[in-house]
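Chemist: Submitted below is the structure of interest, expressed as structure tokens.
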Amino acid sequence: MDKFYHSVRLDEELCMGCINCIKRCPTQAIRVRNGKAQINSKFCIDCGECIRVCPHHAKHATYDKLEAMKQYEYTVALPPPSLYSQFNNLDDVNIVLNALLMMGFDDVFEVSAAAELVSEATREYLSENPDKLPAISTACPSVVRLIRVRFPNLIPNLLPLIPPVEVAAILAARKAMEKTGLERDKIGIIFISPCPSKVTYVKSPLGTEHSEVDKVFAIKDLYPQLLPCMKAVGDDPPEIGTSGKIGVSWGRSGGEASGLFTEDYLAADGIENVIRVLEDMEDQKFTNLKFVELSACNGGCVGGVLTVENPYVAEVKLKRLRKYMPVARNHMHAEAEELVKWTKAVQYEPVFNLGETMMESFARLNQVERLLKKLPGLDCGSCGAPTCKALAEDIVRGEAVESDCVYFLRDNVHKLSEEVSRLAAGIVEGDRDSYEKFKVMTKYIERISDEMTQLDRKEGRKRNDGKRID
Amino acid sequence: MTDMITFHYRISPDDFTRAGEASSDVKSKLKKMGVTPEAVRKVAIAMYEGEINMVIHAHGGEITVNITPDRIEMILADVGPGIPDIGLAMQAGYSTAPDAVRSLGFGAGMGLPNMKKYSDEMEIDTVIGKGTTICMVVYI
């Protein structure tokens, strides 16, 4: 599998070439070229910010359609705790779990149940590895991807435990095979995801060779089908839920840390805030911290781009739901103890380097600095890059040209026009070189025309069939 | 090809919110150059400590960073009060930071010791009443 696989994609038909996404992408992975956005797969961390901000809905996440259930003889749903936060007045997770069975799943395995095992393994890791603290949570795949490409110094701080969804998938698959006697490929382990980041994790996991999750559905796809089933289940469903407060809390920011029984933790949510925290951690600005919980989405998983509820409302609902639950209902056992550990270390991927070698990068950094002195420094985004610096870097990488900058282009046109006026004046005065001047002038006029066409093309990305979009 | 790139940063006096901007910019440039993560870490920490010191003790100043393919040199120059006793200032935990600064979480007395710890070479040139210039080098 491609190590830079992505579930966030672009629909070129819908893309208007506006600059909303390039300005908001936290890793500057998007450029607008030839009037359409392009995602650089090496820089993208699948956080889904571009999906959130695109006014034309041109960005979307790929995931499986509900019909995929039919491919299997036996299916197990893996509902995440963020799913429970989507419903009004829910006071019993068993309503959701039984509704999933009614929808057609043969069994359910709560991700929150596996989360309680990961919490226990984390507590043990923190006490046994004081030299590796603070440990950074590895539950949010976008955060792990971000650290892998941008914060190499923090890779040793990553908590080397697989995320709860994977623990749930492994245990659910084993249980299903034992219960049904079916071959593994006849069983579908299906995760109901709040975000595209976890879809990417399943296709291209970090910390393990491959994922046991077979298909990933989006909460927002399942939601309309689940609601009528929940009504049909009624208020007094059979008890099949197996998780407590610790597991269910994982759905919101700070929830994972709350299960570690320490006050020495930091929890940050929202990708921009996460980057600030990582920058400060790199500079060793925090002392005496044991655990750092970072979620790319605002509010944590409840804020995932594939959910339906406002993240802050969802957080309140999750808190209310926890009220009558026991603290924890799952405890570490020998089978889980082995499988929660990473089997493959995360490696640094220096994708932001300007060149292949340090000498090449050094020379290119020099060129970037020289270009920055020429560019206007307005970070207007009209060139299709988020900042002048990003454009300068694209130019030295050979992915853009100076005339992509509209100000640069306009200055050029202005200089050429002045030259044409000067030559025309010479011809009118009838000096000896009039014919030569006329030929040069014609060439200049052609260049002006070319550059005006380029400008028109840039402007054209804001238009559609002559109509202005914004 | 030029074999050195130079960057200049003006450090504003008494503005804690902006302290760290220069070291953060250098850090990002070094990462794009493909400098080893360990060297980037050393530069980032040493320079950040220096920046904070300039804000707390010296009413700002100027930082010059010279990058060559084998070393990063950081020259931190200020026209502050100078360091009366370098030996004492280099002791971990010793600080002359005022209470107001300590209440912000700074002034733990680890500035100079950390600068020394994370740089491969460090020279301090200080004159009481005139200012201090610190030159730190990290090898790549």
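Read top to bottom, the protein sequences are chains D and R.
Per UniProt numbering, residue 1 is the first one in the first sequence, and the count goes up by one each step.
Per UniProt numbering, residue 1 is the first one in the second sequence, and the count goes up by one each step.
No residue lacks a Cβ here, since even glycine has one placed at the ideal position from N, Cα and C.
Just so you know, these numbers come straight off a predicted model, no measurement behind them.
With DSSP as the reference, label CYS405 (chain D) as helix, strand or coil.
Modeler: coil
Chemist: According to the neighbour-count rule (16 or more other Cβ atoms, all chains shown, within 10 Å of its Cβ), is ILE190 (chain D) buried or exposed?
Modeler: So ILE190 (chain D) counts as buried.
Chemist: Using a Cβ-Cβ distance under 8 Å, would PHE352 (chain D) count as near chain R?
Modeler: yes
Chemist: Could you list which residues in chain R have their beta carbon closer than 8 Å to that of TYR348 (chain D), in chain order?
Modeler: By Cβ distance, chain R contributes PRO37.
Chemist: Tell me the DSSP secondary structure of ILE109 (chain D) in three-state form.
Modeler: Reading off the sequence, residue 109 (chain D) comes out as Phe, not Ile. Reduced to three states, the DSSP call for PHE109 (chain D) is coil.
Chemist: Distance cutoff 8 Å, beta carbons only. Does PRO113 (chain R) sit that close to anything in chain D?
Modeler: So no, PRO113 (chain R) is outside the interface.
Chemist: Give every residue of the same chain whose Cβ lies closer than 8 Å to the Cβ of THR208 (chain D), excluding the five residues on either side of it in the sequence, and list them in chain order.
Modeler: The residues ILE162, GLU166, TRP342, THR343 and LYS344, in chain order, have a CB closer than 8 Å to that of THR208 (chain D) in the same chain once the five nearest residues on each side in sequence are set aside.
Chemist: Can you grab the Cα-Cα spacing for the pair PHE105 (chain D) / ASN34 (chain D), in whole Å?
Modeler: CA-CA distance, PHE105 (chain D) to ASN34 (chain D), rounds to 46 Å.
Chemist: What is the DSSP secondary structure of LYS130 (chain R), counted as helix, strand or coil?
Modeler: Look at LYS130 (chain R) here: in three-state DSSP terms it is coil, with no helix or strand label.
Chemist: On the DSSP letters alone, give me the boundaries of the alpha helix (DSSP H) that SER361 (chain D) sits inside.
Modeler: Here the alpha helix (DSSP H) through SER361 (chain D) covers 358 to 374.
Chemist: With 7 Å as the limit, tell me which residues of the segment 61 to 77 of chain R have their beta carbon closer than that to any beta carbon of chain D; keep them in chain order.
Modeler: PRO69
Chemist: Would you mind telling me which residues of chain D sit closer than 7 Å to LYS29 (chain R), beta carbon to beta carbon, in chain order?
Modeler: LEU365
Chemist: Can you give me the start and stop residues for the alpha helix (DSSP H) that LEU112 (chain R) sits inside?
Modeler: 111 to 118
Chemist: Could you name the residues of the same chain whose beta carbon sits closer than 6 Å to that of THR133 (chain R), not counting the 5 residues immediately before and after it, in chain order?
Modeler: ALA77 and ASP125
Chemist: Should ALA19 (chain R) and MET47 (chain R) be called a contact, given that it needs their Cβ atoms to be closer than 8 Å?
Modeler: Taking a C-beta distance under 8 Å as the contact criterion, ALA19 (chain R) and MET47 (chain R) do not qualify as a contact pair.
Chemist: Would you say GLN284 (chain D) lies against chain R (beta-carbon separation less than 8 Å)?
Modeler: yes
Chemist: With a threshold of 6 Å on Cβ separation, who are the neighbours of ARG52 (chain D) within its own chain once the five nearest residues in sequence on each side are excluded?
Modeler: VAL305
Chemist: Once the 5 residues before and after GLY377 (chain D) are set aside, which same chain residues still bring their CB inside 7 Å of it?
Modeler: CYS388
Chemist: For the alpha helix (DSSP H) containing ILE240 (chain D), list its first residue and its last residue.
Modeler: Where ILE240 (chain D) is concerned, there is no enclosing alpha helix (DSSP H), given that its DSSP letter is neither H nor E.
Chemist: Determine whether the Cβ of ASP119 (chain R) lies closer than 8 Å to any Cβ atom of chain D.
Modeler: Correcting the residue type first, residue 119 (chain R) is Ser in the shown sequence and not Asp. Chain D contact via Cβ: absent.
Chemist: Would you mind telling me which residues of chain D sit closer than 7 Å to LYS32 (chain R), beta carbon to beta carbon, in chain order?
Modeler: PHE352, ASN353, LEU354, SER361 and LEU365
Chemist: If you draw a straight line from the alpha carbon of residue 518 (chain D) to that of PHE217 (chain D), how long is it in whole angstroms?
Modeler: Any property of residue 518 (chain D) remains undetermined from this structure, which presents chain D solely from 1 to 470.
Chemist: With burial defined as no fewer than 16 other Cβ atoms inside 10 Å of the residue's Cβ, what is the status of TYR265 (chain D): buried or exposed?
Modeler: By the Cβ-count criterion, TYR265 (chain D) is buried, with 16 or more other Cβ atoms from all chains shown falling within 10 Å of its own Cβ.
Chemist: Do you know how far the Cα of GLU73 (chain D) is from the Cα of LYS186 (chain D)?
Modeler: 5 Å
Chemist: Can you pull the chain R neighbours of MET358 (chain D), defined as C-beta to C-beta under 8 Å?
Modeler: MET33, GLY34, VAL35, PRO69 and ILE140
Chemist: Considering only their Cβ atoms, is the gap separating VAL406 (chain D) from MET325 (chain D) smaller than 8 Å?
Modeler: no
Chemist: Contact between the segment 236 to 247 of chain D and the segment 112 to 130 of chain D is defined here as three or more beta-carbon pairs at a separation below 8 Å; is this criterion met?
Modeler: yes
Chemist: Measuring only between beta-carbons, confirm whether GLU369 (chain D) sits less than 8 Å from chain R.
Modeler: yes
Chemist: Please identify, using Cβ separations under 9 Å, the residues of the segment 2 to 35 of chain D that lie next to chain R, in order along the chain.
Modeler: none
Chemist: Going along the chain, which residues of its own chain have a beta-carbon closer than 8 Å to the beta-carbon of MET147 (chain D), five neighbours each way excluded?
Modeler: Sequence check: residue 147 (chain D) is Ile here, not Met. Taken in chain order, the residues that qualify are ILE136, LEU154, ILE155, LEU158, LEU278 and VAL346.
Chemist: Could you tell me if THR36 (chain R) is buried or exposed, where buried requires 16 or more neighbouring beta carbons within 10 angstroms of its beta carbon?
Modeler: exposed
Chemist: Excluding the 5 residues flanking GLN454 (chain D) on each side, which residues of the same chain have their C-beta closer than 7 Å to its C-beta?
Modeler: SER403 and LEU409
Chemist: Are any of the Cβ atoms in chain D nearer than 8 Å to that of ILE83 (chain R)?
Modeler: no
Chemist: May I ask which residues mark the beginning and end of the beta strand (DSSP E) holding ASN66 (chain R)?
Modeler: 61 to 68
Chemist: Using the Cα positions of VAL79 (chain R) and GLY129 (chain R), report the straight-line distance between them to the nearest angstrom.
Modeler: 8 Å
Chemist: Tell me, which residues are paired with LYS36 (chain D) by DSSP?
Modeler: The beta-bridge partner set that DSSP reports for LYS36 (chain D) consists of D:ARG33.
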